[in-house]
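Below is one structure, written out as structure tokens; comments come after it.
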Amino acid sequence: MEMLLVLAVLVTISAISISGYRSFTVQKEEQRFFEVLHQDIYFAQSQSYSLNKTAKIIFRESKGTYEIFTDIQSVAVSRKLPQSVQLKKTSNLSEIYFNSNGTVVESGTFRFSTTSGEKTLVVHLGGGRVVFSE
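So the mapping is simple: the working numbering equals the position in the sequence shown, first residue as 1, plus 2.
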């Protein structure tokens, strides 16, 4: 009888800790994704400025990816969005386009759905300043 009680307590504690660990890893994966995205945006901007060519970051909602083009045709980087992150249809941008001098052509907002709620990425005209908010 005592052994059953101990086993029941252990199973309960294990179930709680495993579910908590899964949500923790998903949140960390989302956090890493947005950090890498932020770095990729600055990479594209610096490439456009240093190579004196246009650069684009295109989000492909159907594939669940985004791609960085450092020239019209060549893909420099392609990354997959985590399963818990989706680009919302209420976003008014699908790409970030940098001129050959590193400035943003079109401003707007990307809206992402995550497990912790909506995150927005605002792209400002000019110097290409990008602001993340929750």
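In this text, a Cβ means the ideal position worked out from N, Cα and C, and glycines have one as well.
Remember, predicted model here, so these are calculated numbers, not experimental data.
When DSSP labels each residue in this structure, what does residue i get in the three-state scheme?
i      : result
Val79  : strand
Thr27  : helix
Glu108 : coil
Gln88  : strand
Ser50  : helix
Glu120 : strand
Ser2   : As displayed, the chain neither begins before 3 nor continues past 136, which places residue 2 out of reach and without an answer.
Which same chain residues, not among the five before or five after residue i, have their C-beta less than 6 Å away from its C-beta?
i     : result
Ile98 : Ile59 and Val125
Thr92 : Arg113
Mind checking who residue i pairs with in its DSSP beta bridge?
i     : result
Glu37 : DSSP, once it has assigned bridges, lists no residue as partnering Glu37.
Glu69 : Ile60 and Ser80
- Quick one: any contact between the segment 108–123 and the segment 74–82, if contact means 3 or more CB pairs under 8 Å? no
- Message: Under 8 Å, with one C-beta from each stretch per pair, do the segment 94–109 and the segment 49–65 reach the 3-pair mark?
- Response: yes
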